[in-house]
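Shown next, in structure tokens, is the structure this report addresses.
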Amino acid sequence: MAALGAPMRTLRALLRELRHAAGRSYRDSPAYRHVLAAFRAHRVTSEKLCRAQQELHFQAATYLCLLRSVREHEALHREYHGRGERSPKEVAGLVGFRLPQQPGGKG
Amino acid sequence: MWRGCRRLWLAHSPPARLPRPPPAAAGSCPVGPCGRRAYAPPAERKRFYQNVSISQGEGGFEINLDHRKLKTPQAKLFTVPSEALAIAVATEWDSQKDTIKFYTMHLTTLCNTALDNPTQRNKTQLIRAAVKFLETDTVCYRVEEPPALAELQKNEWDPVVSWAEKRYNVTIGSSTSILGPNIPASTKETFVSHLASYNMWALQGIEFVITQLKSLILSMSLIDRHITVEKAVLLSRLEEEYQIRRWGNVEWAHDYDLCELRARTAAGTLFVHLCSESSTVKHKLLQD
Chain V
0 MAALGAPMRT
10 LRALLRELRH
20 AAGRSYRDSP
30 AYRHVLAAFR
40 AHRVTSEKLC
50 RAQQELHFQA
60 ATYLCLLRSV
70 REHEALHREY
80 HGRGERSPKE
90 VAGLVGFRLP
100 QQPGGKG
Chain G
0 MWRGCRRLWL
10 AHSPPARLPR
20 PPPAAAGSCP
30 VGPCGRRAYA
40 PPAERKRFYQ
50 NVSISQGEGG
60 FEINLDHRKL
70 KTPQAKLFTV
80 PSEALAIAVA
90 TEWDSQKDTI
100 KFYTMHLTTL
110 CNTALDNPTQ
120 RNKTQLIRAA
130 VKFLETDTVC
140 YRVEEPPALA
150 ELQKNEWDPV
160 VSWAEKRYNV
170 TIGSSTSILG
180 PNIPASTKET
190 FVSHLASYNM
200 WALQGIEFVI
210 TQLKSLILSM
220 SLIDRHITVE
230 KAVLLSRLEE
240 EYQIRRWGNV
250 EWAHDYDLCE
260 LRARTAAGTL
270 FVHLCSESST
280 VKHKLLQD
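So this is what it looks like as structure tokens:
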């Protein structure tokens, strides 16, 4: 079985990620409610080793990894890869030139 | 932009044309044939919906963007068999702010692939493609030098290989030669019959995870919940991690690739589990 740590920790981190993803009304979002309901349903069990509980925990950890990495990936993309090409005016400005004005249009 | 969205089509539309550069801007713009600058990134679709909700139809669960139903790129109705998967896809669509970034919506992409089957492969072909990866499995290819890397590979990869051998009762082994390990036919048959027990959707997911991790063994240990996604990605990128520790980390390349690989692998694994599970809730009676 994978070394997952405490389920409460995963749940808290997952809810935090969902909050980031959803925005204002995160508590009404279907994902938030579904996750909470699933964790509540699997809490009460008399077995010491509950396979369904571990499966749920693994799924929650996987979903948490997905949300977190998508957020980080998007942040990195915005930071490093999202800018596109500079316009000719900006390029000229980089070395201190200005583009020539041709009042009559190009010849 | 809004005129185009009136249609019910929500396919991956061709990128909308950039607005023409205003004529007052200085003369020598390399304007291409359709008025776009060369190499400019295509304009992204703006978020054109307010609410994302789920509804249940005959074939399964559907996603509604405002009042329109989501469709796949080939214009089929987007239906998923599992409610949890539908909720996750809805969350993906809901988390898009301002513009829709399709490259972050991995679960949606996987569902579209499963529904459309653009490569038109049947189950046997998918399984064959998946098992073919075993011959070039990452964890079976070892180096001899540098010795630190060889040692690291032995310590990290050997446990996973022996777990797989024990779990599936097969022989895999590892090799330092360029041809790779010699996988006996019985091993391949065992994996073929094991993969045949998954349904078509789950198989698409499995094949996706194998392609991302470049290893059948790591994918199976992930699907069997033996290791976590972060660990599987780490094992898949073992040599890169070794080099990073040696030479340093480049955030815009290494971290970028790491996050992308983690996202895709996590999406694939979640997809497989949600497509192959069937949960029933049995309420235990409280005994006084």
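Residue numbers (numbering that gives the first Met the number 0), protein chains in the order written: chain V, 0 to 106; chain G, 0 to 287.
Glycine included, each C-beta is placed from N, C-alpha and C at the ideal position.
Run of the beta strand (DSSP E) containing residue i, from where it starts to where it stops
| i | result |
| --- | --- |
| residue 55 of chain G | 51 to 55 |
| residue 61 of chain G | 60 to 64 |
Residue i versus residue j - alpha carbon distance
| i | j | result |
| --- | --- | --- |
| residue 83 of chain G | residue 33 of chain V | 8 angstroms |
| residue 98 of chain V | residue 88 of chain V | 6 angstroms |
| residue 102 of chain V | residue 93 of chain V | 24 angstroms |
| residue 101 of chain G | residue 250 of chain G | 23 angstroms |
| residue 2 of chain V | residue 74 of chain G | 42 angstroms |
| residue 185 of chain G | residue 195 of chain G | 15 angstroms |
| residue 193 of chain G | residue 167 of chain G | 9 angstroms |
| residue 114 of chain G | residue 209 of chain G | 19 angstroms |
| residue 190 of chain G | residue 216 of chain G | 10 angstroms |
| residue 51 of chain V | residue 81 of chain G | 17 angstroms |
| residue 158 of chain G | residue 62 of chain V | 26 angstroms |
| residue 27 of chain G | residue 43 of chain G | The predicted model places residue 27 of chain G with a pLDDT of 42, which falls under 50 and marks its position as unreliable, so this point remains unresolved. |
| residue 187 of chain G | residue 211 of chain G | 20 angstroms |
| residue 207 of chain G | residue 134 of chain G | 17 angstroms |
| residue 224 of chain G | residue 46 of chain G | 36 angstroms |
| residue 144 of chain G | residue 119 of chain G | 43 angstroms |
| residue 261 of chain G | residue 95 of chain V | 43 angstroms |
| residue 33 of chain G | residue 71 of chain G | Note that residue 33 of chain G scores 49 on pLDDT, short of 50, meaning its location in the model is unreliable and no value can be drawn from it. |
| residue 39 of chain V | residue 64 of chain G | 29 angstroms |
| residue 182 of chain G | residue 175 of chain G | 14 angstroms |
| residue 125 of chain G | residue 41 of chain V | 35 angstroms |
| residue 12 of chain G | residue 29 of chain V | With a pLDDT of 43 at residue 12 of chain G, under the threshold of 50, the modelled position of that residue is not reliable, and no figure is offered here. |
| residue 149 of chain G | residue 7 of chain V | 38 angstroms |
| residue 51 of chain G | residue 67 of chain G | 10 angstroms |
| residue 91 of chain V | residue 54 of chain G | 54 angstroms |
| residue 25 of chain G | residue 98 of chain G | With a pLDDT of only 39 at residue 25 of chain G, under the threshold of 50, the placement of this residue in the model should not be trusted, and no figure is reported. |
| residue 87 of chain G | residue 100 of chain V | 54 angstroms |
| residue 108 of chain G | residue 236 of chain G | 24 angstroms |
| residue 200 of chain G | residue 171 of chain G | 27 angstroms |
Cross-chain neighbours of residue i in chain G, by beta carbon under 7 angstroms
| i | result |
| --- | --- |
| residue 61 of chain V | 228, 265, 268, 269 |
| residue 57 of chain V | 224 |
| residue 71 of chain V | 258 |
| residue 64 of chain V | 228, 229, 261, 265 |
Terminal residues of the alpha helix (DSSP H) in which residue i lies
| i | result |
| --- | --- |
| residue 267 of chain G | 255 to 275 |
| residue 68 of chain V | 50 to 75 |
| residue 37 of chain V | 29 to 40 |
| residue 115 of chain G | 105 to 115 |
| residue 26 of chain V | No alpha helix (DSSP H) contains residue 26 of chain V, which DSSP labels as neither H nor E. |
| residue 154 of chain G | 146 to 167 |
| residue 129 of chain G | 122 to 131 |
| residue 218 of chain G | 215 to 222 |
| residue 92 of chain V | 87 to 93 |
| residue 141 of chain G | Unbroken run through residue 141 of chain G: none, as it is neither H nor E. |
| residue 2 of chain V | It is not in any alpha helix (DSSP H) - residue 2 of chain V carries neither H nor E in the DSSP assignment. |
| residue 241 of chain G | 237 to 246 |
| residue 186 of chain G | 184 to 194 |
| residue 203 of chain G | 199 to 212 |
| residue 93 of chain G | 82 to 93 |
Partners in chain V for residue i, counting only beta-carbon separations shorter than 8 angstroms
| i | result |
| --- | --- |
| residue 163 of chain G | In chain order: nothing, as chain V lies at least about 15 angstroms away. |
| residue 201 of chain G | None at all; the shortest Cβ gap to chain V is about 14 angstroms. |
| residue 103 of chain G | 69, 72, 73 |
| residue 113 of chain G | Those within 8 angstroms of residue 113 of chain G in chain V number zero; the least Cβ separation is about 17 angstroms. |
Where residue i meets chain G, residues with beta-carbon distance less than 9 angstroms
| i | result |
| --- | --- |
| residue 10 of chain V | Going along chain G, no residue has its Cβ under 9 angstroms from residue 10 of chain V, so there is no contact; the nearest lies around 15 angstroms. |
| residue 35 of chain V | Near residue 35 of chain V there are no residues of chain G at all, since even the closest Cβ is about 12 angstroms away, more than 9 angstroms. |
Spatially closest choice to residue i from the options, by CA coordinates
| i | options | result |
| --- | --- | --- |
| residue 241 of chain G | G/199, G/181, G/214, G/147 | G/147 |
| residue 205 of chain G | G/87, G/60, G/58, G/128 | G/128 |
| residue 57 of chain V | G/58, G/226, G/49, G/172 | G/226 |
| residue 270 of chain G | V/59, V/73, V/84 | V/59 |
| residue 57 of chain G | G/77, G/229, G/274 | G/77 |
| residue 153 of chain G | G/169, G/136, G/173 | G/173 |
| residue 177 of chain G | G/202, G/139, G/155 | G/139 |
Contact list for residue i against chain G, beta-carbon separation under 8 angstroms
| i | result |
| --- | --- |
| residue 93 of chain V | Near residue 93 of chain V there are no residues of chain G at all, since even the closest Cβ is about 15 angstroms away, more than 8 angstroms. |
| residue 3 of chain V | 227 |
| residue 75 of chain V | 250, 251, 254, 255, 258 |
| residue 102 of chain V | Simply none; closest approach about 10 angstroms. |
| residue 29 of chain V | 52, 53, 86, 89, 90 |
Contacts that residue i makes with chain V (C-beta to C-beta distance below 7 angstroms)
| i | result |
| --- | --- |
| residue 94 of chain G | 20, 21 |
Within chain V, partners of residue i - CB distance below 9 angstroms
| i | result |
| --- | --- |
| residue 289 of chain G | This structure does not reach residue 289 of chain G, given that chain G is present from 0 up to 287, and the question cannot be answered. |
| residue 193 of chain G | Ordered by position in chain V, no residue passes the 9 angstroms Cβ test against residue 193 of chain G, which lies about 19 angstroms from the chain. |
| residue 100 of chain G | 73, 76 |
Tell me whether the stretch 211 to 226 of chain G and the stretch 160 to 178 of chain G touch, counting them as touching only if at least three CB pairs, one residue from each stretch, are closer than 8 angstroms. The stretch 211 to 226 of chain G vs the stretch 160 to 178 of chain G: in contact.
At a cut of 8 angstroms, does the stretch 261 to 278 of chain G reach the stretch 61 to 76 of chain V through at least three beta carbon pairs? Per the Cβ contact rule, the stretch 261 to 278 of chain G is in contact with the stretch 61 to 76 of chain V (3 or more Cβ pairs under 8 angstroms).
The stretch 241 to 257 of chain G contacting the stretch 72 to 79 of chain V, beta-carbon criterion three pairs below 8 angstroms: These segments touch.
Touching by the beta-carbon criterion (3+ pairs, under 8 angstroms), the stretch 17 to 37 of chain V and the stretch 86 to 99 of chain G: The stretch 17 to 37 of chain V vs the stretch 86 to 99 of chain G: in contact.
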